[in-house]
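If you're matching them up, the sequences are chains A and B in order.
Counting along the first sequence from 1, when you hit position 55 you're at 55 in this note's numbering, and nothing is skipped either side.
One rule links them: number in this note's numbering = place in the second sequence (from 1) + 1000.
Where is the CB? At the ideal position from N, CA and C, for every residue including glycine.
Since the model is a prediction, treat every value here as computed from it, not as a measurement.
Taking it in order: structure first as structure tokens, then the write-up.
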Amino acid sequence: MTASEYDSVRPPEPAGRRRRGGRGGRGARPAGADGARPGGADGAREAAMVPEAQFTSYYGRPVVKAAPWGPGIAGYLFLGGVAGGSAVLGAGAQLSGRLTLQRNCRLAALGAVSVGAVALVEDLGRPERFVNMLRVIKLTSPMSLGSWILSAFSAGAAVAAAAEVDRMTGERLPLGPLRSALRLVEGPAGLEAAAFGPFLAVYTAVLLADTSTPTWNHAHDELPFVFVSSASLAAAGLAMVTTPATEAAPARRLAVLGVIGDLVATRVMHRRMDPVVAETLHDGRPGILLRLSEALAVAGGIGTVLGGRRRGVAAASGLALLAASALTRFGVFEAGIRSAKDPRYTIEPQKRRLAARRAAGVTDDSITTAG
Amino acid sequence: MPQLAGPTDPAADARWPDVKPRKGFFTDTSICIGCKACEVACKEWNHNPRDGDLDLLGSSYDNTGALGASTWRHVAFIEQGGERIDEARATGRALVDLGMPTVGPPSGGPTASGPTAAGAPAAPAGPAPDMPPDTPEFRWLMSSDVCKHCTHAGCLDVCPTGALFRTEFGTVVVQADVCNGCGTCVAGCPFGVVERRTDGTAAPKAKRGPRKGEQPDVPNLGVAQKCTLCYDRLLDDQTPACAQTCPTTSIKFGDHDEMVALARERVSELHAQGRTEARLYGANELDGVGGTGSVFLLLDEPEVYGLPPDPRVPTADLPRMFRQAGLAAAGMAAAAALAFLGGRR
């Protein structure tokens, strides 16, 4: 596409902008390059006759900014899911009298949510101000609601887990008269954590979807289902690793339900998404992560169904499910960051939906007007 | 819960007891000469540090790059040939032909501030529509971009700490002493304006310190930063630094209604000169962000300037997202119940 001798000194255009299957996609065309070739000598100018593929950007620079989040946030997406799912499983175990499953799930819930919360705080620009998250309750901010969900969940999970630790250490925690109080509230605390568990698992999906990051925003209908399924199979997988097969039957059933939900929701998400934006889920590293995740989820699910009663197979399946969930979160996270960094994923879908509305006769809601 | 989409007075919607007239910019890019005085004045007034090392970006005269945590005005430079000018004129004409809403018919010529003074060639006789008054084979677009101060601001909606707030002037401002740098607003903005400020410690090439040639310490590190529409100056009835310094009156500042009216006047004036490539950006309160506080007159499609062609505040879909999330959470609880009850048959 070089028409000017100065093209060689321009910064490289972002990779991965070619449409998969190559149906006439014309890549990012730096707007500024046009002046340098007034005659329109190169072949790309002809492609401009195809309006559907038209894509101009400002020197290939992003239109929206990517969230300044590191891998800690992707890790939190995973750990929050594990914690929420574990609390739900733990409450079920509590109500059905499976004491080992209850103990393991309660400890898993507190462990996962603690590590996740540390990762969250660590990712803040000003970690020392993390408590400002609880300064207001703001219904329009999924991050605000999520902070409150996380706090409420952690309170219950901590009390329930403390009771388990006390039992495991032979009542050696220096609790004094508080021990009887702890015994009294551990049941309600476990149920309280379980009540917030599904919300802890799902709010992160809304947090991602309620942004201008193309991949996340375009997935706003399906991402909650992907995330709760992923959380369910991960928590169930962890329980299959930690708990003897005799008590882990509910975990196995939840794992299978989670795998089915995960496969269905992910497929629906891929299919319904704008085809250009969906590229970010298929291509590159996120594509590899998500395909690997699917394979591990299927393998873990089959292992659970066929050999879940054998401890070794159950543990291996559980590990596969945990890995599948982590890969799903990292894949979705990275796909979003990539979609924000390439202007194509912002501009093309927006142009298309604007054109579609105009074709449908809606001409009064464009940000660009003739007067 | 405040209104999530559609036309509204943002300050009243934020329940200010004493709502001031909404303030905003009208940036007329047809008379921008690319002097970057706005960038400089903004940095000086707001004590914004330089971002990173000085660098030549190879994008015409734009070596600033983009709006960011320390760049609250950014002048874009776009070089175009004749073919692209024709395309821009055609897309502009298509907009006119769509019968887009036109409120307030043009009344008279240039306003007192003389918007045609610098860049636009004088066209007293009104040349034929097919005879563009500009150089036909080459043009250089310059546009000073800034925070849009949206009616429905994505950044403000998703801020969990209340650090971002709506001022009595209808603008959106970050309280740097409250923000904890969570970064949600960065992803929330449909225009890519707000950013978390870093000191570039990953590649500390710029020397910092009190000596000559060294850079002063970076204030408000790790905190979201963006244009405040010079909130401090507004409180003293002053004009924002960029508008005050603009030598061609390309950046105009005033009551939002007045700015929109001025913009509509100016665009019909340009259309009358045959420059159908002129169009307004952000003047429609029915758009995806409820109209912007900063209105622009552009001479090509918005994406050419790095602006989104059809931005939509993500929060507009939040009720739907909450519904989906509620369904999903209920599904998870049901799956768990099934897992426990399923074995007891």
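If we ignore side chains and look at the alpha-carbon of each, how far apart do residue i and residue j end up?
i, j, result
"R114 of chain A", "A1316 of chain B", "The sequence given here places Ser at residue 114 of chain A; Arg does not occur at that position. Going from the Cα of S114 of chain A to the Cα of A1316 of chain B covers about 33 Å."
"R357 of chain A", "T363 of chain A", "7 Å"
"V1295 of chain B", "V206 of chain A", "31 Å"
"P1106 of chain B", "P1002 of chain B", "Any reading at P1106 of chain B must be qualified, since the residue scores a pLDDT of 43, below 50, and its modelled position is unreliable; the value itself is stated next. The straight-line gap from Cα to Cα measures roughly 35 Å."
"D1300 of chain B", "D1177 of chain B", "39 Å"
"S154 of chain A", "A112 of chain A", "10 Å"
"P174 of chain A", "A236 of chain A", "32 Å"
"W372 of chain A", "R267 of chain A", "Given that chain A is displayed from residue 1 to residue 371, the structure contains no residue 372 of chain A and the question cannot be resolved."
"V298 of chain A", "M168 of chain A", "35 Å"
"S1070 of chain B", "C1242 of chain B", "14 Å"
"E1195 of chain B", "S339 of chain A", "17 Å"
"D1338 of chain B", "L254 of chain A", "Sequence inspection shows Leu at residue 1338 of chain B; the Asp mentioned does not correspond to that position. Roughly 8 Å separates the two Cα atoms."
"P1204 of chain B", "G1222 of chain B", "With a pLDDT of 47 at P1204 of chain B, under the threshold of 50, the predicted position of this residue should be treated as unreliable, though the coordinate-derived value follows. So the alpha carbons of these two residues sit roughly 16 Å apart."
"L1236 of chain B", "A1011 of chain B", "With the sequence shown as reference, residue 1236 of chain B is identified as Asp, and Leu is not the correct amino acid for it. Whole-angstrom Cα-Cα distance: 18 Å."
"V277 of chain A", "T346 of chain A", "8 Å"
"C1246 of chain B", "K1023 of chain B", "17 Å"
"A1117 of chain B", "L1262 of chain B", "Unreliable placement is indicated for A1117 of chain B, whose pLDDT of 39 sits below 50; the coordinate value is still reported in the next sentence. Straight-line Cα distance between these residues: approximately 15 Å."
"F330 of chain A", "L321 of chain A", "14 Å"
"V264 of chain A", "Q1215 of chain B", "54 Å"
"P1115 of chain B", "A1153 of chain B", "Confidence in P1115 of chain B is poor, its pLDDT being 41 and thus under 50, which makes the residue's placement too unreliable to answer from."
"P62 of chain A", "C1147 of chain B", "16 Å"
"Q1238 of chain B", "T1171 of chain B", "15 Å"
"G1052 of chain B", "G72 of chain A", "25 Å"
Which chain A residues sit within Cβ distance under 9 Å of residue i?
i, result
"E1303 of chain B", "A31, F55, T56, S57, Y58, V63, P343, T346, I347, Q350 and K351"
"T1008 of chain B", "In chain order: nothing, as chain A lies at least about 14 Å away."
Is it right to say residue i is buried, meaning 16 or more other beta carbons lie within 10 angstroms of its own, or is it exposed?
i, result
"V131 of chain A", "exposed"
"I137 of chain A", "exposed"
"S1143 of chain B", "buried"
"N1063 of chain B", "exposed"
"L184 of chain A", "exposed"
"L223 of chain A", "buried"
"E1079 of chain B", "buried"
"A1334 of chain B", "exposed"
"A1094 of chain B", "exposed"
"I367 of chain A", "buried"
"P1319 of chain B", "exposed"
"P286 of chain A", "buried"
"I337 of chain A", "buried"
"D1257 of chain B", "exposed"
"I288 of chain A", "exposed"
"S230 of chain A", "buried"
Just to confirm, are residue i and residue j a CB contact at a threshold of 8 Å?
i, j, result
"C1038 of chain B", "R1073 of chain B", "yes"
"A1163 of chain B", "Q1175 of chain B", "yes"
"M269 of chain A", "V1158 of chain B", "no"
"I149 of chain A", "F196 of chain A", "yes"
"G1065 of chain B", "F1138 of chain B", "no"
"P1308 of chain B", "P1302 of chain B", "yes"
"V64 of chain A", "P1160 of chain B", "no"
"L238 of chain A", "S86 of chain A", "yes"
"T328 of chain A", "R252 of chain A", "no"
"G157 of chain A", "A83 of chain A", "At residue 157 of chain A the sequence reads Ala, which differs from the Gly that was named. Yes, the pair counts as a contact, with Cβ atoms nearer than the cut-off."
"T100 of chain A", "T213 of chain A", "no"
What does residue i touch in chain A if you count any residue whose Cβ is under 8 Å from its own?
i, result
"C1189 of chain B", "V64, K65 and S212"
"V1267 of chain B", "A370 and G371"
"L1270 of chain B", "Chain A residues near L1270 of chain B: none, gap ~10 Å exceeds 8 Å."
List the residues of chain B that residue i touches, going by C-beta distances under 9 Å, in chain order.
i, result
"F333 of chain A", "What F333 of chain A touches in chain B: nothing, since even the nearest Cβ is about 11 Å away."
"N104 of chain A", "Neighbours of N104 of chain A on chain B: none; closest Cβ ~15 Å, over 9 Å."
"G125 of chain A", "C1179, N1180, G1181, C1182, G1183, R1196, R1197, T1198, L1221, G1222, V1223 and A1224"
"A119 of chain A", "Result: empty, since nearest Cβ-Cβ is about 13 Å, beyond 9 Å."
"D166 of chain A", "Result: empty, since nearest Cβ-Cβ is about 25 Å, beyond 9 Å."
List the residues of chain B whose Cβ lies closer than 7 Å to the Cβ of residue i, in chain order.
i, result
"M143 of chain A", "V1158, P1160, C1182 and T1184"
"P68 of chain A", "G1183, V1186 and R1196"
"R310 of chain A", "None at all; the shortest Cβ gap to chain B is about 18 Å."
"F199 of chain A", "A1329"
"G72 of chain A", "Result: empty, since nearest Cβ-Cβ is about 12 Å, beyond 7 Å."
Could you tell me which chain A residues have their CB closer than 7 Å to the CB of residue i, listed as they occur along the chain?
i, result
"G1192 of chain B", "P62, V63, V64 and K65"
"V1096 of chain B", "A370"
Give, in chain order, every unbroken run of the beta strand (DSSP E) that is at least 3 residues long and sits entirely within the region 215-302 of chain A. none
Checklist line | Inside the region 1235-1309 of chain B only - beta strand (DSSP E) runs reaching at least 3 residues | finding: 1251-1255, 1279-1281 and 1294-1298
Note to self: Please give me, in chain order, every unbroken run of the alpha helix (DSSP H) with length at least 4 that falls completely inside the region 1128-1177 of chain B.
What the structure shows: 1154-1158
4 or more residues per run - each alpha helix (DSSP H) lying fully within the region 1037-1065 of chain B: 1037-1046
Residues within the region 1142-1171 of chain B neighbouring chain E, beta-carbon criterion of under 9 Å: The question asks about chain E, but that chain is absent: this structure's protein chains are A and B.
Quiz prompt | Entirely enclosed alpha helix (DSSP H) segments - the region 47-133 of chain A, minimum 4 residues | solution = 71-96 and 99-123
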